[in-house]
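Have a look at the structure below, then the notes.
2 protein chains.
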Amino acid sequence: ITPSTTIERLPIYYRSLQKLDKKNVEVISSKELGERIGIPSTQVRKDLSYYGEFGRRGVGYEVPVLLKHLRKILGLNQDWEIVLVGAGHLGHALVNYGGFRKLGLNINYVLDADSKKIGEEFGDVEISNVENLTEVVKESGAEMGIIAAPAEYAQGIADELIEAGVKAIWNFAPTHIKVPHEIELRNEDLSIGLISLAYHLSRK
Amino acid sequence: ITPSTTIERLPIYYRSLQKLDKKNVEVISSKELGERIGIPSTQVRKDLSYYGEFGRRGVGYEVPVLLKHLRKILGLNQDWEIVLVGAGHLGHALVNYGGFRKLGLNINYVLDADSKKIGEEFGDVEISNVENLTEVVKESGAEMGIIAAPAEYAQGIADELIEAGVKAIWNFAPTHIKVPHEIELRNEDLSIGLISLAYHLSRK
Ligand SMILES: NC(=O)c1ccc[n+]([C@@H]2O[C@H](COP(=O)([O-])OP(=O)(O)OC[C@H]3O[C@@H](n4cnc5c(N)ncnc54)[C@H](O)[C@@H]3O)[C@@H](O)[C@H]2O)c1
Ligand SMILES: NC(=O)c1ccc[n+]([C@@H]2O[C@H](COP(=O)([O-])OP(=O)(O)OC[C@H]3O[C@@H](n4cnc5c(N)ncnc54)[C@H](O)[C@@H]3O)[C@@H](O)[C@H]2O)c1
Chain Z
77 ITPSTTIERL
87 PIYYRSLQKL
97 DKKNVEVISS
107 KELGERIGIP
117 STQVRKDLSY
127 YGEFGRRGVG
137 YEVPVLLKHL
147 RKILGLNQDW
157 EIVLVGAGHL
167 GHALVNYGGF
177 RKLGLNINYV
187 LDADSKKIGE
197 EFGDVEISNV
207 ENLTEVVKES
217 GAEMGIIAAP
227 AEYAQGIADE
237 LIEAGVKAIW
247 NFAPTHIKVP
257 HEIELRNEDL
267 SIGLISLAYH
277 LSRK
Chain L
77 ITPSTTIERL
87 PIYYRSLQKL
97 DKKNVEVISS
107 KELGERIGIP
117 STQVRKDLSY
127 YGEFGRRGVG
137 YEVPVLLKHL
147 RKILGLNQDW
157 EIVLVGAGHL
167 GHALVNYGGF
177 RKLGLNINYV
187 LDADSKKIGE
197 EFGDVEISNV
207 ENLTEVVKES
217 GAEMGIIAAP
227 AEYAQGIADE
237 LIEAGVKAIW
247 NFAPTHIKVP
257 HEIELRNEDL
267 SIGLISLAYH
277 LSRK
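Top line first, the protein sequences correspond to chains Z and L. Residues in the first sequence are numbered from 77 upward in steps of one, following my numbering. Residues in the second sequence are numbered from 77 upward in steps of one, following my numbering.
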């Protein structure tokens, strides 16, 4: 069983390897990969060793091969249907962002409660009425939901998403939501980014 | 010198302790704190020990005391002036989000290139013309800049921010920007959140 912190790092390795692959870099050492992403090379080797023998001592990792393995491990070999709830500023930025689609992470359904927004175009998607959440989730077979609505509605939205069959939730609302333990939940707190900049600046 | 990964975890401890403090929890063990945030208790104790003797063996940490120390360590004892460049969807979500201000992280200046947006109200802030970036940064004394503009403009914006005196940059544009090594740079990639959900789901 991989410690949860390794799982947290894998997507970071993946992103970095993707960029290297785009630049046609064929081989990379754990030292150099680690330097690029600020992770000690010992940790890089340890993390990647959980999943198999990828590297060659003294040489490093073959980028295209490792990328292929990571894609499989990370579940990126398939397309994922994602339902977004909350067609506000944050929701718009998420739907607008091309980076997700490139990974097969498709936000094809957007739901909102505001009658002025329902029926509007949002990126390439039409905003649906959140009252139809259950049908939308069932018909799309969406397994992932994103909560980008105000905090006071987050728990209710989570409950409905899970009831309808969603297995993983990405929550941006600044509140603790409760989900059954078999549901994957990730709370995104963008303050962490600003706080770590404040930390570094205050040390100068 | 603290390893960079400890620095990455400190804001997470801080957030968790803040919530505990709000609920008037007085003491917490490294085990329980670790469980709340998915970090092994050994790591929690190791991380916090870099900064002093905060815990008491067999008892744990006094929440208000630890919070006060972390606030100082993280540079949150002061207010920070922040300039945001790119008054789009993402920019709007960041300015809208109350969580930053509560930490003394104040996005008081927003700049854009679109003449239709300049002069518009954006949260409690008026959008300024990005052509005035240098004056805005100098007059505000802003030390942090956020880039929420399209990728093709990110490097140019970063250069100007740094030239004007900004010391730290939070970059959301999906591109690698180059900065002098004394400048703090954090690239935010929200794909990491979705990828880790895909990972967990694909393992079920
Ligand atoms: N976690 C972070 O770091 C972070 C950063 C920015 C914003 N946020 C949070 O993300 C959320 C959205 O922020 P925003 O700036 O886009 O806000 P917003 O006000 O622009 O958008 C919220 C949207 O949710 C809709 N909505 C309200 N109740 C709903 C319901 N019951 N069902 C469906 N839709 C509903 C609204 O009509 C609106 O379109 C907020 O909770 C905010 O605090 C979090
Ligand atoms: N890193 C991530 O995970 C993530 C997620 C979402 C969005 N993004 C990125 O964030 C950026 C903004 O996304 P968005 O959805 O808000 O886009 P948007 O198109 O809504 O907003 C971009 C804004 O930047 C302004 N702008 C363009 N050129 C400028 C310049 N030279 N100076 C100042 N302002 C300028 C535009 O007028 C517009 O208001 C994009 O680069 C997007 O790829 C990243």
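Glycine included, each C-beta is placed from N, C-alpha and C at the ideal position.
query                                                                                                                                                    : result
Do leucine 150/L and tyrosine 185/Z have their C-beta atoms closer together than 7 angstroms?                                                            : no
Using a Cβ-Cβ distance cut-off of 7 angstroms, determine whether asparagine 172/L contacts chain Z.                                                      : yes
Counting only beta-carbon atoms, is isoleucine 77/L nearer than 7 angstroms to chain Z?                                                                  : Residue placement at isoleucine 77/L is flagged as unreliable, the pLDDT there being 35, under the threshold of 50; a coordinate-derived value is accordingly withheld.
When you compare each of Leu143/L, Asp200/L, Glu138/L to alanine 163/L by their alpha carbons, which one comes out closest?                              : Asp200/L
Let's see if you can read the secondary structure: which residues bound the beta strand (DSSP E) around valine 186/L?                                    : 181-188
Residues of the stretch 151-167 of chain L with a CB closer than 9 angstroms to any CB of chain Z: list them in chain order, please.                     : Gly151, Leu152, Asn153, Gln154, Trp156, Ile158, Gly164, His165, Leu166, Gly167
Who are the neighbours of arginine 262/Z on chain L, taking C-beta pairs under 9 angstroms?                                                              : Gly269, Leu270, Ser272, Leu273, His276
Pop quiz: glycine 221/L and valine 159/L are said to be a contact at Cβ under 8 angstroms. What is the actual Cβ separation, rounded to whole angstroms? : 5 angstroms
So the candidates are Ala224/Z, Lys144/Z, Leu273/Z, Asp265/Z; which of them puts its Cα closest to the Cα of valine 171/Z?                               : Ala224/Z
Starting from glycine 195/L, trace the alpha helix (DSSP H) in both directions and tell me its first and last residue.                                   : Careful: glycine 195/L lies outside any alpha helix (DSSP H) and carries neither H nor E.
Given the structure, does tyrosine 185/Z come close to ligand 1, in the sense that its CB is under 6 angstroms from one of the ligand's heavy atoms?     : no
Report the option in Glu236/L, Leu86/L, Thr251/L whose CA atom is closest to the CA atom of isoleucine 259/L.                                            : Glu236/L
Assuming arginine 91/L contacts serine 278/Z under a Cβ cut-off of 8 angstroms, what Cβ separation, rounded to an integer in Å, is found between them?   : Contact flag wrong, Cβ pair sits at about 17 angstroms.
Can the beta-carbon of aspartate 123/Z be found less than 7 angstroms from the beta-carbon of arginine 85/Z?                                             : yes
Would you report the Cα separation of glutamine 94/Z and alanine 240/L, rounded to the nearest angstrom?                                                 : 33 angstroms
Answer yes or no: does any C-beta atom of chain L fall closer than 7 angstroms to that of phenylalanine 176/Z?                                           : yes
Which of the three DSSP states is assigned to leucine 146/Z in this structure?                                                                           : helix
Which stretch, first to last residue, makes up the beta strand (DSSP E) that contains arginine 262/Z?                                                    : 260-263
Identify every residue that forms a DSSP beta bridge with alanine 244/L.                                                                                 : Met220/L, Glu260/L
In three-state DSSP terms, what is serine 204/L?                                                                                                         : strand
Taking CB distances under 7 angstroms as the criterion, tell me whether alanine 169/Z reaches chain L.                                                   : yes
Do the CB positions of glycine 128/L and isoleucine 104/L come within less than 7 angstroms of each other?                                               : no
Is it buried or exposed, tyrosine 173/Z, if we count other Cβ atoms within 10 angstroms and call 16 or more buried?                                      : buried
Quick one: does leucine 143/L have its CB under 7 angstroms from some CB of chain Z?                                                                     : no
Run the proximity test for histidine 257/Z: is its beta-carbon closer than 6 angstroms to any non-hydrogen atom belonging to ligand 1?                   : no
Using a beta-carbon distance below 7 angstroms, is leucine 209/Z in contact with chain L?                                                                : no
Mind listing which residues of the stretch 179-211 of chain L have their C-beta closer than 7 angstroms to chain Z's C-betas, in chain order?            : Leu179, Leu181
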